[in-house]
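Heads up: the sequence shown begins at 17 in our numbering, then just goes up one per residue. Don't be surprised by glycine CBs; every beta carbon is placed ideally from N, CA and C. This structure is a prediction, so every number in the text was calculated from the model and none was measured.
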Amino acid sequence: MLRVEHIGIAVNSLSTSVPLFEKLLNTPCYKQEEVTSEHVITAFFQQGESKIELLEATGPESAIAKFLDKKGEGMHHIAFEVADIYAEMKRLQEEGFVLLQEIPKKGADNKLICFLHPKHSNGVLIEICQDIK
Ligand code: CMX
17 MLRVEHIGIA VNSLSTSVPL FEKLLNTPCY KQEEVTSEHV ITAFFQQGES
67 KIELLEATGP ESAIAKFLDK KGEGMHHIAF EVADIYAEMK RLQEEGFVLL
117 QEIPKKGADN KLICFLHPKH SNGVLIEICQ DIK
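This is how it looks when you write it as structure tokens:
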């Protein structure tokens with residue numbers, strides 16, 4: 017793992033939370049992007065070498081909608097950048113972690129991504145990601 021690429025935070029409303037995080041972090045949101053396959057709209061803030069990603073659900077089928085229903089707003093996942101997502105998925109699977117994708121999928125901010133089931137990582141949803149060249 018190269019670094020913490022971003023921390024994902026589930027929010028009810030980007031229109032409320034983007035201005036809140038702009039004040040909190042004292043930096044503007046640099047991008048909002050809808051990821052239709054994940055049923056979310058994302059908003060990104062750069063913080064040093066890492067990012068904060070706010071996530072709003074676009075429909076009830078979204079993992080974010082389910083998370084908000086069950087737990088309410090808050091920390092949703094930690095994403096680690098990796099150099100070779102295929103090699104890292106193989107390594108993690110061999111170590112006994114449960115991958116939620118068999119092959120990486122396209123995520124927000126020009127990334128290939130794969131999630132690990134939180135039940136096998138102490139209740140923390142982990143994403144690994146790699147820039148699409
Ligand atoms: N962090 C920690 N635990 C979580 C969690 C999260 N973000 N989301 C769900 N869980 C927990 C549930 O509370 C549940 O716990 P209990 O068994 O103790 O009740 C457990 O995981 C399993 O939950 P589930 O009801 O069986 O399954 P869900 O339908 O809630 O799905 C998960 C959970 C992680 C498999 C699903 O959310 C998933 O596939 N996530 C990956 C994709 C994703 O999160 N997309 C949104 C972000 C996209 C982006 O960043 O662009």
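Residues that residue i bridges to, as DSSP identifies them
i	result
Phe-61	Ile-68
Ala-124	DSSP, once it has assigned bridges, lists no residue as partnering Ala-124.
Gln-48	Ala-59
Val-20	Phe-96
Phe-131	Glu-143
Leu-2	Summary: the structure shown does not reach residue 2, with the chain confined to residues 17 through 149, and so no result is reported for it.
8 Å contact criterion, which residue i and residue j should meet: CB distance rounded
i	j	result
Met-91	Ile-23	7 Å
Cys-45	Glu-54	Not really, about 18 Å apart at Cβ, beyond 8 Å.
Simplified DSSP assignment, three categories, for residue i
i	result
Glu-104	helix
Gln-148	According to the sequence displayed, residue 148 carries Ile and not Gln. Coil, per DSSP.
Leu-84	helix
Beta carbon proximity, residue i to chain D, threshold 8 Å
i	result
Lys-122	In the structure shown, chain D cannot be found, because there is only a single protein chain.
Selection from the options that minimises the alpha carbon distance to residue i
i	options	result
His-133	Ser-53, Lys-47, Met-105, Leu-84	Met-105
Glu-50	Gly-64, Ser-78, Lys-39	Ser-78
Ala-59	Gln-146, Lys-67, Leu-108	Lys-67
Lys-122	Val-34, Thr-52, Ile-25	Thr-52
Glu-111	His-136, Leu-36, Ile-148	His-136
*Cβ contact (3+ pairs, closer than 8 Å) linking the segment 28–37 and the segment 96–104*: no
*Evaluate the contact criterion for the segment 56–74 versus the segment 109–118: three or more CB pairs, one atom per stretch, below 8 Å.*
no
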